[in-house]
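Residue numbers (the numbering used here), protein chains in the order written: chain A, 445 to 738; chain B, 25 to 362. Ideal placement from N, C-alpha and C gives every residue a C-beta, glycine not left out. Please read the structure below before turning to the comments.
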Amino acid sequence: MRISESSKKEMRYTWHLIKQSKLTLIGLILVLVLVFIAIFGPLLAPYDPYETNYVETLNPPGWKHLLGTDIHGRDVLSRVMAGTRISFMLGIVVVGIALILGGILGILAGFFGGWRDEVIMRIMDIIMSFPDLVLAMAIMAAIRDPVEGYSLNPLVGCMVAIAVVTIPRYARLLRGETLRVKETSFVESARAVGCSNMRIVFTHILPNCLAPVMIQATMTLGSAVLTAAGLSFIGLGAQPPTPEWGAICVEGRNFLPDWWWISTFPGVAILIYVLSFNLLGDGLRDILDPRLRR
Amino acid sequence: MRMRDYALRRLLLVVVVLLGVSIITFVLMYAVPINPARMLAGEKASEETVRYYEEYYGLNLPVHQQYFRYMIRLLHGDMGESVRTTTSVSADLLRRLPATLELGLCAMMFAIVVGIFIGIYSATHRNKVSDHVSRIFALTGISVPVFWLGLMLILIFYSRFGWFPAPVGRLDIGLTPPGSITRLYVLDSILTGNLKTLGNSIYHLILPAFCLGWLQTALIMRMMRSSMLEVIRAEYIKTARAKGLSERVVIYKHALKNAMIPTTTVIGLSVGYMFAGAIMTEAVFNWNGMGTYLINGINHMDYPAIMGFVLLTAFIYALTNLIVDLLYGVLDPRIRYG
């Protein structure tokens with residue numbers, strides 16, 4: 445891809461603005477650290493997250509086990525580190541599904557308007573009239589067989605359920621952006637020279653939606669993990685021994701208050717993870733929104 | 025568009041949305057699970073019992089007829105029978121509503137007062153230390169898992185310091201509830217003049233209300249801050265200052281009125297988060313409300329109970345959004361005429 449002089453200038457300016465805002469910079473650094481842990485975690489982790497060791501059960505945090513061990517003698521730090529990769533996978537899959545399906549629906553609605561717009565957006569309204577966690581929970585409950593439990597990996601179920609409840613956000617966003625861009629003179633002239641609808645969508649509308657989509661995606665990466673942890677807590681999410689942060693918290697719940705480290709640290713991990721993405725998303729919104737620039 | 029047309033359109037929309045909500049719950053409840061009759065009859069039920077349930081709930085009928093029956097029952101307020109308690113789900117939910125309502129209202133009041141105040145303070149002291157502190161407080165509030173927050177509050181303030189009571193529910197074990205006028209314990213205590221339960225119920229409310237309310241506080245504060253920042257740049261604020269009005273009057277009388285408009289929407293939206301958060305808060309604090317009922321339902325595969333909760337939540341959420349939208353139309357004439 446060739447990068448033009450003007451967009452290079454634009455990128456340099458954006459970077460300058462990121463450096464200006466301390467909270468955004470902190471968010472960016474934290475996200476990069478988390479990405480590093482997600483990629484290289486298994487190499488860095490001191491122990492195998494699944495390996496039980498009944499000689500060292502319920503050890504408090506110390507030099508041998510920095511964050512202690514659980515009832516099976518598994519190292520909490522290694523489990524929390526393994527959870528980072530699960531969180532990223534979850535977030536990326538959720539954003540991927542929601543962005544593709546929500547994007548298609550939103551652009552269709554915005555581009556064609558009329559009854560198509562009305563039907564699509566009313567369906568989105570219906571999905572949005574459930575609180576996120578409640579609908580995701582209902583979906584997870586419905587796909588669980590009462591006798592045999594889940595036929596598919598519950599983590600995959602979580603991803604799909606959370607993606608479904610996230611679709612309307614992207615549909616609304618891309619519909620709004622499509623409506624805005626559709627009225628601009630450059631789209632009008634593209635149409636005048638005989639560009640096809642597809643071409644207009646891909647070369648004119650999509651690139652112009654990039655900034656708001658990036659902001660929304662950053663936020664979703666964080667909130668998806670929060671919803672997934674909530675699902676694990678109410679017993680309709682990842683199941684032990686999967687080192688999903690919410691599931692580790694729940695496993696450690698029965699060991700409170702005496703063996704507090706099992707539940708505390710995965711929760712801290714969730715907090716740091718979600719906070720980093722929110723910091724970055726907030727900052728990006730201020731920086732990329734042209735109305736707030738200057 | 026006149027206000028009446030706007031309200032009418034919005035009302036029609038709510039009907040469409042509620043119809044959609046009922047279809048989704050119907051599909052999740054009856055169409056997706058492999059054999060709902062077996063689920064209702066229980067794991068070890070005989071073939072005959074399963075067939076009886078199929079007959080009784082009309083599960084052998086075509087889907088559209090099933091949906092029709094389901095809707096008729098729903099319109100009569102009948103959400104089916106709980107598999108676990110064998111009583112009507114609507115009655116069960118209604119009995120537990122006051123506990124959730126008391127917790128939710130407390131959290132809401134805390135969130136509205138603190139959120140609005142910190143939001144204004146943060147906006148008027150932009151980029152000062154206090155602004156940064158309140159922004160981090162808000163960001164943490166939207167990033168923290170509610171159930172974990174509850175566990176930590178109990179760990180620190182009950183187990184470590186003993187400042188707050190054990191998470192055993194709405195009152196100490198052994199205390200009898202103060203009458204049943206509203207079933208909101210704080211209000212009932214005041215009405216019956218029972219000082220002992222008044223103090224105790226408030227004491228038991230503080231931690232869970234904070235646990236549930238932090239997120240809403242954060243959402244309200246963030247919206248208040250950004251809308252206040254936008255409003256104080258407006259020309260009419262410049263005029264108000266130029267007239268020589270005190271800063272207090274300018275902010276709290278002139279700016280607040282307009283800055284409250286978007287904040288109202290957020291307050292309405294946060295009712296939805298309230299129900300999601302209440303599930304987790306109640307489970308952590310053993311609060312015997314709708315959330316605990318739901319968790320019990322999940323643990324016992326009690327599908328009518330689960331879907332009853334989902335339906336009621338969506339219903340209340342949709343109505344709150346309707347009220348907020350109508351209020352928005354009243355507060356901001358641009359919506360009506362736009």
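Simplified DSSP state of residue i, which is helix, strand or coil
i, result
"Gly512/A", "coil"
"Glu426/A", "Absent from the structure is residue 426/A, since the part of chain A shown begins at 445 and ends at 738."
"Ser225/B", "helix"
"Glu20/B", "Since the displayed chain B opens at 25 and closes at 362, residue 20/B lies outside it and no answer follows."
"Gly362/B", "Annotation note: pLDDT 47 at Gly362/B (below 50); position unreliable, no value reported."
"Gly640/A", "This sequence places Ser at residue 640/A; Gly is not what is there. In this structure, Ser640/A counts as coil in the three-state DSSP scheme."
"Asp702/A", "coil"
"Asp726/A", "helix"
"Ser112/B", "strand"
"Asp519/A", "strand"
"Asp196/B", "coil"
"Arg566/A", "helix"
"Trp507/A", "coil"
"Met445/A", "With a pLDDT of only 45 at Met445/A, under the threshold of 50, the placement of this residue in the model should not be trusted; the figure read from the coordinates follows. Met445/A falls in the coil class under three-state DSSP."
"Trp187/B", "coil"
"Arg738/A", "Any reading at Arg738/A must be qualified, since the residue scores a pLDDT of 42, below 50, and its modelled position is unreliable; the value itself is stated next. Coil, per DSSP."
"Asp561/A", "helix"
"Gly268/B", "coil"
"Val274/B", "helix"
"Lys220/B", "helix"
"Ala69/B", "coil"
"Leu665/A", "helix"
"Met176/B", "helix"
"Asp7/B", "The question about residue 7/B has no answer, for chain B in this structure spans 25 to 362."
"Ala682/A", "coil"
"Glu627/A", "coil"
"Met388/B", "Summary: the structure shown does not reach residue 388/B, with chain B confined to residues 25 through 362, and so no result is reported for it."
DSSP bridge partner residues for residue i (one or two, in chain order)
i, result
"Asp589/A", "Gly593/A"
is_contact[residue i, chain A] using C-beta, thresh 7 Å
i, result
"Gly292/B", "no"
"Ala135/B", "no"
"Pro357/B", "no"
"Ala338/B", "yes"
"Val319/B", "The sequence shown places Ile at residue 319/B, not Val. Yes, Ile319/B lies at the interface with chain A (some Cβ there is under 7 Å from its Cβ)."
"Ala69/B", "no"
"Phe299/B", "yes"
"Met304/B", "yes"
"Tyr341/B", "yes"
"Ile205/B", "no"
"Ser167/B", "yes"
Beta-carbon separation (whole angstroms), residue i vs residue j, contact threshold 8 Å
i, j, result
"Thr671/A", "Ile606/A", "5 Å"
"Gly512/A", "Trp689/A", "That pair is no contact at about 16 Å."
"Gly82/B", "Arg93/B", "5 Å"
"Ser146/B", "Arg249/B", "5 Å"
"Val524/A", "Pro684/A", "At roughly 14 Å, the Cβ-Cβ gap does not stay under 8 Å, so Val524/A and Pro684/A are not in contact."
Contact with chain B by residue i, beta-carbon distance below 7 Å
i, result
"Trp704/A", "yes"
"Asn641/A", "no"
"Val578/A", "yes"
"Cys693/A", "yes"
"Pro436/A", "Not covered by the structure: residue 436/A. The range shown for chain A is 445 to 738."
"Ser707/A", "yes"
"Arg619/A", "no"
"Pro575/A", "yes"
"Ala482/A", "no"
"Asp569/A", "yes"
"Leu469/A", "no"
Best match in the options for proximity to residue i [C-alpha to C-alpha]
i, options, result
"Met53/B", "Ile731/A, Arg588/A, Pro684/A", "Arg588/A"
"Asp116/B", "Ile330/B, Leu253/B, Gly186/B, Ile144/B", "Ile330/B"
"Val712/A", "Phe234/B, Arg207/B, Ser167/B, Gly268/B", "Ser167/B"
"Phe171/B", "Ala31/B, Tyr317/B, Thr337/B, Val308/B", "Val308/B"
"Tyr77/B", "Arg265/B, Ala65/B, Tyr209/B, Met304/B", "Ala65/B"
"Pro122/B", "Asn312/B, Ser183/B, Ile160/B", "Asn312/B"
"Val39/B", "Gly217/B, Glu306/B, Leu343/B, Arg28/B", "Leu343/B"
"Val539/A", "Phe677/A, Ser667/A, Thr686/A", "Ser667/A"
"Val153/B", "Lys466/A, Pro612/A, Arg729/A", "Lys466/A"
"Leu650/A", "Gly554/A, Ala636/A, Met572/A", "Gly554/A"
"Ala302/B", "Ser595/A, Phe484/A, Ile678/A", "Ile678/A"
"Arg207/B", "Leu127/B, Lys262/B, Phe181/B", "Leu127/B"
"Arg529/A", "Asn722/A, Leu723/A, Tyr717/A, Leu618/A", "Tyr717/A"
"Gly46/B", "Gly332/B, Asp356/B, Val354/B, Leu350/B", "Note that residue 46/B is Ser in the sequence shown, not Gly. Checked all of Gly332/B, Asp356/B, Val354/B, Leu350/B; the closest Cα to Ser46/B is Gly332/B."
"Ala617/A", "Gln464/A, Ala655/A, Gly696/A", "It should be pointed out that residue 617/A corresponds to Leu in this sequence rather than to Ala. If we check each option's Cα against that of Leu617/A, Ala655/A comes out closest."
query: Taking any Cβ of chain D, which residues in the region 719 to 730 of chain A have a Cβ under 9 Å from it, in chain order?
result: No chain D appears in the structure shown, which is made up of the protein chains A and B.
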